[in-house]
Structures are given as structure tokens and as C-alpha cells.
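Heads up: the structure comes next, in C-alpha cells.
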Amino acid sequence: MQPLIIITGPTAVGKTSLSIDIAKEINGEIISADSMQVYRGMDIGTAKIRPEEMCGIKHYLIDEFNPQDEFNVAIFKEKCKNYIEEIYNHGKVPIIVGGTGFYIQAILYDIDFKETKIDYNYRESLWKFAKEYGVDELHKKLEKIDAYSFKTIHPNNVKRVIRALEYYKQTKEPISSHNEKERQKKPSYTFKYFVLNLPRDILYNRIDKRVDKMKKDGLEDEVKSLIEKGCTKNMVSMQGLGYKEIIAAIENGTSIDIAFEKIKQNTRHFAKRQLTWFRREKDVIWVDKNKFASEKELLIYCIAECNKIL
RNA sequence: GGCGACUUAGCCAAGUGGUAAGGCAUGGGACUGCAACUCCCUGAUCAUCGGUUCAAAUCCGUUAGUCGCCU
């Protein structure tokens with residue numbers, strides 16, 4: 002199996018700078034596993050790496066889509082797989098860097114998404130059904146076709162209920178059994194899965210500072226220019242942290258300062274969710290940045306780990 | 001110094017005699033084509049001391065703190 006390096010962790014821990022250092026050391030190229038940095042024009046709000054910061058390291062899946070384009074795990078996985086091959090062909094080591102755990106899982110375990118196609122009309126009709134008859138009635142539709150999902154998906158989680166129904170409609174197989182199969186899969190690479198972490202209070206502090214900086218750097222203008230280019234709040238890209246809050250403030254005429262406070266709050270929640278995700282992942286290497294005396298030592302440690310599989 | 005009001009979880013806050021709503025924050029969790037999404041779980045004995053009562057956060061008094069007004 003071929004080697005794969007993964008560098009992740011909650012937002013604002015400092016993945017980007019470490020990833021560049023590692024890439025230089027091990028002759029790597031970076032693939033971003035970030036659901037928002039793929040979009041062009043969304044730079045400030047996603048804290049996207051700037052070209053000059055890349056230090057010549059090649060980056061993939063950054064700025065490859067327009068905010069109005071469709072992008073999701075399935076697309077990510079296909080693209081990412083191709084890039085990994087490409088990087089091997091360059092004689093280099095692929096490094097996946099980003100905070101979207103779902104994406105990392107998809108690539109690492111080669112999760113299969115190909116069987117179905119999104120059925121927007123069906124989804125829409127189920128949303129309407131839920132609105133009319135209530136979420137519990139929608140949830141009950143699951144009972145006969147997929148008892149396991151019926152039990153495990155909460156009725157309020159309409160999005161997941163709909164996906165389960167859609168999956169069954171298209172494949173005549175319960176999504177829960179598909180998931181079960183996928184769950185058995187072994188990693189398709191020899192990998193090192195680093196999860197960077199910091200004490201909660203320090204992390205939250207960094208988040209606050211980062212959001213303050215986004216404000217100074219002109220996130221509000223960035224959002225406005227995206228709106229001018231035709232971005233609307235229902236687009237997936239505009240549901241990114243920092244974007245949805247500012248759009249809401251503009252639309253509702255509410256305070257922009259409060260919107261920024263809201264961004265901080267939501268970002269903290271997000272970081273917490275990310276950590277929950279990574280705790281559940283198998284075979285990850287937790288890297289508490291605080292335990293290292295310096296960036297340099299942290300780097301040395303990571304390189305040593307990487308070299309075990311290179 | 002006098003008069004009055006207030007005092008419920010980290011914060012906001014319902015509840016005026018029958019055994020503590022809710023929201024936010026915090027912490028934990030789920031997640032397999034929207035994932036920076038979506039969703040779930042999570043806490044108190046009501047400032048203090050004493051009294052009335054079968055029963056008090058709710059009534060009476062004490063002390064403390066906060067706020068307002070007055071001299």
C-alpha cells in the first residue's frame with residue numbers, strides 16, 4: 002500500500018503552517034480536505050492559505066470551484082483520489098490537510114458513493130411532507146424499509162431521514178446496511194493520521210483572534226462582493242462559517258458586530274464537533290501542540306512518525 | 001443617615017403556598033453524496049439565618065449584597 006499523510010485538527014489549531022513544514026521535509030504535495038476552501042473568492046472567511054505562504058509546495062483542491070458550483074464528499078473523493086495518484090506519479094508524497102473529517106474518512110476508507118444520484122425532486126417532496134405532517138410522520142416512513150435507521154436517526158434530524166429514504170428508494174437497500182458494509186472497510190493506504198490539538202481555552206482564544214482578524218481584513222466586503230456576483234444564502238458555499246452570519250446580518254439589517262460575535266460562537270461549536278469526530282476515528286495520532294517546547298520539536302516529532310512509513 | 005426595590009444554575013429568566021419552565025453558555029455524543037451541514041444529551045433546590053404552615057423560592061422577621069430616591 003502506498004503512503005498517505007493526513008494532518009487535521011479543529012479549526013485554528015495551526016494545521017496550515019505545520020503542513021508546509023512537513024511537506025518541505027518529506028517532499029510532499031498537499032491536498033486540501035476542506036469543504037469551503039475549494040471555492041474561489043472565499044479567502045478571508047475560510048482563512049485560506051495565500052499563494053506566497055505555500056512556499057512553492059503544490060496545493061490541490063483549493064480554489065478549484067466557484068461558490069455556485071456543486072461540491073460534496075463524493076466529488077471530493079473522486080478528485081482527491083486522482084490527485085493522490087498524480088502526486089505518486091510525481092514521485093512525491095501526498096499530504097491531506099484540512100478539517101473536514103468526513104472527507105478524510107471518505108478517502109482513507111474508500112467509501113463508496115457511486116451507487117446513487119441525488120434526487121432533488123424527491124428530497125423536495127419529502128421536505129414538504131415533513132412540513133405538512135410533521136417530522137415524526139416523515140420519520141415513520143423509515144420504519145418499514147429500514148428499521149435500523151428508524152431506530153438510530155432522530156426524527157428531528159430531517160436531513161438524514163430524507164437521505165435514508167432517498168437511498169432506499171434508489172437502491173432498494175437500507176442505507177444502514179450499506180453503511181455497515183462500508184464501515185468494515187480497511188484503510189486503503191499506509192497512513193499517518195495526525196490530529197493536532199490544543200487545550201480548549203487556548204484554542205477558543207485563537208478562534209476569537211482569528212475572527213477579529215477576518216473582520217479587519219474585510220470579510221464583510223468579501224461577502225458583499227460574493228453577493229454581487231450572484232451568491233445566495235441557500236448555496237452550500239454560503240453556509241460556511243462567517244458567510245452565513247454576515248449574509249443574515251445584511252439581509253435582516255442587524256448589527257455586523259453582533260454577526261461577528263456569532264461567528265466566533267459558531268466557530269467554537271464547530272471546533273468542538275470536529276474534535277468529537279476525530280475522537281471516534283481509529284488509529285489517529287493525537288498531537289497536543291502544547292506538549293512541545295517549540296514548533297521545531299513538533300515538526301521533528303511529526304517527521305519521525307512520517308518516516309516510519311516512507 | 002432615611003426610604004424603597006431587588007437577590008432563582010456561569011449568564012438571561014419564568015414561577016406569589018403543594019414540592020424549581022425556558023433560552024444562552026459549558027461539557028459530551030451522533031454523523032457514510034448538503035458535513036464550516038444537520039441532529040441528540042447535559043446542571044440548581046431558589047443570598048443568609050430564624051419563624052408561620054401538613055407543605056415555602058413563594059408569607060413574616062433577621063443579616064448581607066446590589067440598585068434607585070431622599071437629606
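Here the first sequence is numbered in the numbering used here, starting from 2 and rising by one per residue.
We put the beta carbon where it would ideally sit given N, CA and C, even for glycine.
All figures in this text were calculated on a predicted structure; none of them were measured in a lab.
Boundaries (first-last residue) of the alpha helix (DSSP H) holding residue i
{"i": "residue 304", "result": "296 to 308"}
{"i": "residue 79", "result": "74 to 90"}
{"i": "residue 168", "result": "159 to 172"}
Limits of the unbroken beta strand (DSSP E) element including residue i
{"i": "residue 54", "result": "Counting along the chain, residue 54 falls outside any beta strand (DSSP E), and DSSP gives it neither H nor E."}
Reduced DSSP category for residue i - H, G, I as helix; E, B as strand; rest coil
{"i": "residue 206", "result": "helix"}
{"i": "residue 187", "result": "coil"}
{"i": "residue 212", "result": "helix"}
{"i": "residue 139", "result": "helix"}
{"i": "residue 67", "result": "coil"}
{"i": "residue 147", "result": "coil"}
{"i": "residue 154", "result": "coil"}
{"i": "residue 47", "result": "coil"}
{"i": "residue 311", "result": "coil"}
Bridge partner(s) assigned by DSSP for residue i
{"i": "residue 96", "result": "6, 31"}
{"i": "residue 60", "result": "31"}
{"i": "residue 196", "result": "9, 287"}
{"i": "residue 40", "result": "66"}
Inside the region 223 to 297 only - beta strand (DSSP E) runs reaching at least 3 residues: 285 to 289
Three-pair Cβ contact test at 8 Å for the region 90 to 97 versus the region 243 to 257: no
Inter-stretch contact at 8 Å, needing at least 3 Cβ pairs: the region 8 to 23 / the region 50 to 57: yes
Those runs of the alpha helix (DSSP H) which lie wholly inside the region 96 to 135 and span at least 4 residues: 102 to 109, 121 to 134
Cβ pair count under 8 Å reaching 3, the region 281 to 292 against the region 194 to 209: yes
Meets three-Cβ-pair contact criterion under 8 Å: the region 66 to 75 and the region 134 to 154: no
The region 58 to 65 touching the region 224 to 237, judged by at least three CB pairs closer than 8 Å: no
contact_flag[the region 270 to 288, the region 2 to 11] where n(CB pairs < 8 Å) is 3 or more: yes
The region 30 to 46 contacting the region 114 to 127, beta-carbon criterion three pairs below 8 Å: no
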